[in-house]
Amino acid sequence: MVKMQPYVKMWYDFFEEGKVMGLKCNRCGSYEFPPVTTCHNCFSTDLSWAEMSGRGKLVSFTLNPYPDPPFADYAPFIYGQIVLEEGPAYATMILGMDLDKQEQLFEQLPIDVKAVIQQRDGYKFIAFEPVG
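Residue numbers (our numbering): 6 to 137.
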């Protein structure tokens, strides 16, 4: 098992509860996702857990035909950059998209997406899929 910092482990524990959580800066209101110990906007360390919408926009993507071994069962898949409704950008696996229609998908960007929590090897992680 990978050793995690307590706040990272808590982030994964929230997925087990079906929640998409980030850290919100108590000074400036910015969100951090995934969690980090310092606000990227104002550098404050005064952060609190906050539930996030799990919605965002896919703004770019690429095909990942040969992922790291732990994700080989998902291959090939689209790996994309999401801008979350609350502001942070997050790169992750995109599910439910037609891999044979990449050109048409690029023309549709940005695409509304929502978080989906996936199970893998004894823990849950977050991916996204198109809304609708």
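Think of the CB as a built atom: it goes at the ideal place given N, C-alpha and C, for glycine as much as any other residue.
Here PRO74 is actually not in contact with ALA80; their C-beta atoms are around 10 Å apart, not less than 8 Å.
Here the alpha carbon of GLN109 sits roughly 19 Å from the alpha carbon of PHE133.
DSSP links GLU134 through a beta bridge to LYS119.
Listed in chain order, the non-local C-beta contacts of VAL121 below 7 Å within the same chain comprise LEU100, ALA132, PHE133, GLU134, local neighbours out to five positions each way being set aside. Here DSSP, grouped into helix, strand and coil, assigns MET102 to coil. As computed with DSSP, ALA94 is found in a beta bridge with VAL88.
Excluding residues up to 5 positions away in sequence, ILE83, TYR84, GLY85 lie with their Cβ nearer than 8 Å to the Cβ of THR67 in the same chain.
The beta carbon of GLU21 lies closer than 7 Å to those of LYS129 in the same chain, with the five residues before and after it left out.
Here LEU52 has LEU28, CYS30 as same chain residues with Cβ atoms under 6 Å from its own Cβ, once five neighbours each way along the sequence are excluded.
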